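Peer 1: I am attaching a structure below and will ask some questions about it afterwards.
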Amino acid sequence: MKIQFVNTALLIVPTYRTRDPDQRSGLEGPPLRLLALDGGGIRGLSELLIIREVMHQLMFEENKRRKKDGEEPLSVLPKPCSYFDLIGGTSTGGIIALMLGRLRMDIDTAIKNYDDLAKRVFSAPKRWGDGKFKATTLETAIKSVVKAVTHDSESPLLEDDQAGLCRTFVCAKNAHDTGIPVLFRTYQSRETHFNCKIWEAARATSAAPTFFKRIEIGRGQPYIDGGLGRNNPSQVVLEEANGLFGARQIGCLVSIGAGEAGVIEIKKPGLCQRYIPTDIIDTLEAITTDCESTHQNMLRHFTNLPNTYFRINVDQGMQKIKLSKWEKLSNVEAYTSQYMKKVEVAEKLALLVSAIRVPKGQLLLEQLMTPRPLNESVPQARERKRCPLPVKSFMGREEILDKMRRYFELGGDSGCVFVLHGLGGSGKTQIALKFVQESTCFSNVFYIDATNEQTLRTDLEAITPGNTERSVDASLHWLASQHEGNWLLFFDNADDVNLKLKKFIPQCRSGNILVTTRNRELCHLSAKDGDAKVGAMEHEDAKNLLLDRARAEESDENKVLAAAIVQELHCFALAISQAGAYIHCHLSLSKYREFYRRHHDKLLQNEEFQGEDPYERAVYATWSLSYDKLNMSARSLLQIFSMLHHEGISEEMFEKAASSKEQLEDSELQNKVTELLNELGKRGSDWSWDFKLVIERLRSYSLIEYDDRNHTYGIHPLVQQWSRSTMAGNRQLMQKCVLSIIGLSISSSFDDQDYKYRRTLLQHISSSRASFDPEQMAPSVLSGMALVYFEQGQWKDAEALQVVAMEKRKQLLGDDHPDTLMSMGDLAAMYEDQGQWKEAEALKVMVMEKRKQLLGDDHPDTLTSMGNLAATYWNQGQWKKAEALQVVVMEKTKRLLGDDHPATLKSMGNLASTYGKQGQWKEAEALEVVVMEKRKLLLGDDHPDTLTSMGNLAGRYRDQGQWKDAEALQVVVIEKMKRLFGDDHPDTLTSMGNLATMYSDQGQWKEAEALEVAVMEKTKQLLGDDHPDTLRSMGNLATTYSNQGQWKEAEALQLVVMETMKRLSGDDYD
């Protein structure tokens, strides 16, 4: 049956205990830091990930302080138990609380134990009996965790009271009386104490009906999961803290959820669950997983204590994850990561970390917990919008800030209203945000987006705490009733001249109002001296800003020129910033002033703006005025730039695309792309000149920038957004054209320069592809982009694109077309690099047979396909099959293409490798030396093919016991690969593994072990636990452990490798 629940506010009536006189020592001390952890099944991993981020930020801030004070920095993450006075949890949140509080685990150890426990417990559901999962499995798993820390699986829950020790409790319920939570504590209490074990407390808090059998503790009392009405234990944590430390101030309460849940379906209990009341079963899971009511009550409780209560709870994606779906742990991690990247969440975490590091008590806990009358309604709060922080680059404006400070500090009988007014973009909002950030006189700040009446009403309605009438009038009435608090109501961007702001200001003598607006008429809302016009910067600040943006020397001559320019620009910040960028890109300081004067009339004629002074109109029209000045070529290029990544845009991409002989399968798209490229420059020797003329047109208006170091162009992300908005209905077509230009610029050449060029394209492909369907792209473009991903080791992305390219070519060209066969071969290579040998072999056999049939046995494409198939045989250890094909390929390529052709060299290298695998060392070495020397001569020392041949020759030296020669070559290969590809590239890792093997052969076990550990960990991250390269690296490390007598470590790794290979190979495993 499905039951839908509507959130109802729970009445906050604390169940107070008299504080134990023996605990009075805990009543004095710094403000309290409390942590509450929701229940949520496997979704509890989200809580641990959030706590880890908090610990990271705490460590970062602490190390900043230590550096400043000359102290040694922290080298490991601090433990949560070092920062919280009390931790309480329910269900899986209870298990986490015990890990962090009672067992005092660091966060990474807790995450590992939680991950192992979830997989172990939830991976094997029961077929019958009480509870869906085995309670004995849960008990065993918890005992293992306890034993690993305390060395005794039966360790007691209770600890000796020590000053400063983090106290911990978990919530459960008596199965015969579910109304009041039962707390299992790590500390003494006057209430009935259960002398239980740690594992028993963990079982009790997690004994959720329909999931686990209940547990009996003490005198046969049965206990079940405490989530019934207490799944969010924030209220219980507050009550418990009040009993322990009521005379101390509250510093912060951090409540961490396991993700928002949706409507829950729960079946009626079976026969073995008949002792649990039916009405509990009908409501249990919905209540335990919906923690919003408690959160709303907490918001109301802490209404007048800003930055004290923090609720962190992933808001998207977790609804889809059932409580016991352990295989969805990776999804939990992904959703949590996305949630923490949100700007508003990052801001909340920053405030939270500050409150934990330096808690600022604002109220005694016992005052906060003063009981409410039973007949008092508890309204349901709605979380309001937080006030943003000012930009980090904020500078100056001290005169205005001082005026605001004096005005609000003096106050007045009718409350204070202050209006910041001025031209759009003059910095009004940033001044206001800076003022709010630095002020300490306000009990609460309510931020209102006043862009229009709708946004204003929405934010204003959210102010009222509780479930009172949802209306503007209710919020205004509530604000007017707050006589004690010195609150601030901040209306930002109240620019609409039709907005009657006065009716949204509370009519009272308390509180304060701050307004930012372009509408000067709003000054009538304030008293004398209650407004400030935001216009020009201080002359000295403006001059320094211009010189900084223009990257000009602070010479006397430049200072004079800068002073004249900022005077011409009326010291307006945004105008100066853009002028500096323009000077840096195109003009000198001496020429800019005259340039500005030539455009002065046009700047003042824009009718959209109604400024008091003519110069106020200049900046507001900058981009639209610039766009009007562009010719069609420059407009087209600007639109192309807006579809790429905002940095690293090279002229080379356009030139390669324009000179490409490739033709897109879509003739209409090809015509459009050709038209665009022709606008940018004529093919041939004049290309660069023509292109630079278009570029200079854009740079002349500061719409793009040039990177001198990397010789590339960039465009500000905001300009990108504005440019995209000018495209209207042509945006999709332009996006297809941009991707096509990228695709046409990609050649299949593998010389050093082409390879380096393709590396630069990844960010542009990812940026352009993010919002476009590959099914709409030409196959040739898809294949080119797949090559870029493939060379960077992003094989899944490469495979996805190549599959689409192959299928589209089959549809358009037929199964036997050369381009179709090429796509099949490329896809086979991608399968192979992911260890999918059978899929690769099947495709390669098909390609070879079709090419033989269509082109003949001696055609270069046929020989290439034979060599590719030989490589697949080689990778599977089928040496004789590989050798037979490779000998044929080498002889034919020599005869047909010559000794120096790349295909010939490749075939020689492949055959040498096969000889080496069969112990034919001299034959292998002779071939490898020839290949390496020819590749150095033809391709250069740093080309990937040259590095491959060097690594292969090093392998041949090793096979013959020439250790020093092998090691010297391999070290060179690794360094070059790191420089070219990065430390984590699969080819770099392969080279590191090869060097480790050479160290092992020479008995240098520690050097070998260090490399092999790094290779194994990085290969796991890149390719996954089951990839052949991962298993190979694990086997190599196991051998090194064995050679050092570390038998246990070696055995553990070898067992994993063997079991994985059995699972993957099935009946074929021997």
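Residue 694 in full-length UniProt numbering is what sits at position 694 of the sequence shown, and the numbering runs on without skipping anything.
Don't be surprised by glycine CBs; every beta carbon is placed ideally from N, CA and C.
Computed from a predicted structure; not experimentally measured.
Just mark E376 as buried or exposed, buried being the case when its beta carbon has 16 or more other beta carbons within 10 Å.
Peer 2: No answer about E376 holds up, because its pLDDT of 42 lies below 50 and its placement is not dependable.
Peer 1: Report buried or exposed for T458, applying the criterion of at least 16 other Cβ atoms within 10 angstroms of its Cβ.
Peer 2: By the C-beta density criterion, T458 is exposed, having fewer than 16 other C-beta atoms within 10 angstroms.
Peer 1: Let's see if you can read the secondary structure: which residues bound the beta strand (DSSP E) around V254?
Peer 2: 250-256
Peer 1: Is P30 buried or exposed, if buried means 16 or more other CB atoms sit within 10 Å of its CB?
Peer 2: exposed
Peer 1: In terms of residue numbering, what span does the beta strand (DSSP E) encompassing K167 cover?
Peer 2: Lys is not the amino acid found at residue 167; the sequence shown has Arg there. 167-174 is the span of the beta strand (DSSP E), which, as asked, contains R167.
Peer 1: For R33 versus P306, is the C-beta spacing smaller than 8 Å?
Peer 2: 8 Å or more divides the Cβ of R33 from the Cβ of P306.
Peer 1: Keeping to the same chain, check which residues put their C-beta closer than 7 Å to that of A1008; ignore five residues upstream and five downstream.
Peer 2: Hits under 7 Å: A996, Y999, S1000, T1040.
Peer 1: Any idea what DSSP makes of N512, helix, strand or coil?
Peer 2: strand
Peer 1: Using DSSP's beta-bridge definition, name the partner residues of H421.
Peer 2: T517, K533
Peer 1: Short of 7 Å in beta carbon distance, which residues of its chain neighbour L644, apart from the five on each side in sequence? Order them along the chain.
Peer 2: V738, H764, S767, S768
Peer 1: Using the Cα positions of N313 and K1048, report the straight-line distance between them to the nearest angstrom.
Peer 2: 41 Å
Peer 1: Ordered along the chain, which non-local residues of its own chain (more than five positions away) have a Cβ less than 7 Å from that of G916?
Peer 2: Taken in chain order, the residues that qualify are A924, G955, R956, D959.
Peer 1: With DSSP as the reference, identify every bridge partner of L489, one or two as the case may be.
Peer 2: In DSSP, L489 forms a bridge with F446, I513.
Peer 1: Report all residues from its chain with a CB closer than 8 Å to the CB of D945; omit the five preceding and five following residues, and keep chain order.
Peer 2: By the criterion of a C-beta distance shorter than 8 Å, D945 is surrounded in its chain by F750, P902, L905, K906, R935, L939, once the five residues flanking it on both sides are discounted.
Peer 1: Please report how far the alpha carbon of E1012 lies from the alpha carbon of L989, in whole angstroms.
Peer 2: Rounded to whole angstroms, E1012 to L989 spans 9 Å at the Cα level.
Peer 1: Have a look at the DSSP bridge pairing and note the partners of D85.
Peer 2: The partner list for D85 (beta bridge, DSSP) is empty, contrary to what the question assumes.
Peer 1: Which residue's Cα is closest to the Cα of V847: W874, Q836, D819, L897?
Peer 2: D819
Peer 1: Using 8 Å for Cβ pairs, my map puts residue 1144 next to A110. What's the rounded Cβ distance?
Peer 2: This structure gives no information on residue 1144, because the portion of the chain shown stretches from 1 to 1070.
Peer 1: So V534 and I695 are supposed to be a Cβ contact under 8 Å. How far apart are they, rounded?
Peer 2: Their Cβ separation, rounded to whole angstroms, is 36 Å, which puts V534 and I695 out of contact at 8 Å.
Peer 1: Exposed or buried, what is L1053 when buried is set at 16 or more other beta-carbons lying within 10 Å of its beta-carbon?
Peer 2: buried
Peer 1: On the DSSP bridge list, what partners appear for Y309?
Peer 2: In the DSSP output, where bridge partners are listed per residue, Y309 has L253.
Peer 1: Please list the terminal residues of the continuous alpha helix (DSSP H) segment that includes R956.
Peer 2: That run of the alpha helix (DSSP H) goes 944-959.
Peer 1: Looking only at DSSP bridge pairs, what is I649 linked to?
Peer 2: Y713
Peer 1: Can you tell which of M298, T168, C252 has the C-alpha that lies nearest to the C-alpha of N232?
Peer 2: M298
Peer 1: Would you kindly report the start and end of the unbroken beta strand (DSSP E) that includes D707?
Peer 2: Looking at the DSSP string, the run of the beta strand (DSSP E) that includes D707 is 705-707.
Peer 1: CA-CA distance, G427 and G396?
Peer 2: 11 Å
Peer 1: Given this structure, state the Cα-to-Cα distance separating N910 from Q792, to the nearest angstrom.
Peer 2: 22 Å
Peer 1: Report buried or exposed for M1058, applying the criterion of at least 16 other Cβ atoms within 10 angstroms of its Cβ.
Peer 2: Looking at its Cβ environment, which holds fewer than 16 other Cβ atoms inside 10 Å, M1058 is exposed.
Peer 1: Starting from A247, trace the alpha helix (DSSP H) in both directions and tell me its first and last residue.
Peer 2: Segment: none, A247 is in no alpha helix (DSSP H) and carries neither H nor E.
Peer 1: Inspect the beta-carbon positions of L433 and L389 and report whether they are closer than 8 Å.
Peer 2: yes
Peer 1: Expressed to the nearest angstrom, what Euclidean distance is found between the alpha-carbon atoms of G251 and S590?
Peer 2: Those two C-alpha atoms are separated by around 58 Å.
Peer 1: Given a cut-off of 8 Å on the beta-carbon distance, is the pair L980 and D942 in contact?
Peer 2: yes
Peer 1: If I follow the unbroken beta strand (DSSP E) through A462, where does it start and stop?
Peer 2: That residue, A462, is in no beta strand (DSSP E); it is neither H nor E in DSSP.
Peer 1: By DSSP, does L389 sit in helix, in strand, or in coil?
Peer 2: coil
Peer 1: Kindly indicate which residue of R551, R549, K543, S555 has the alpha-carbon position closest to the one of A564.
Peer 2: K543
Peer 1: Tell me, please, whether the CB atom of K850 is closer than 8 Å to any CB atom in chain C?
Peer 2: The structure shown contains no chain C, having only a single protein chain.
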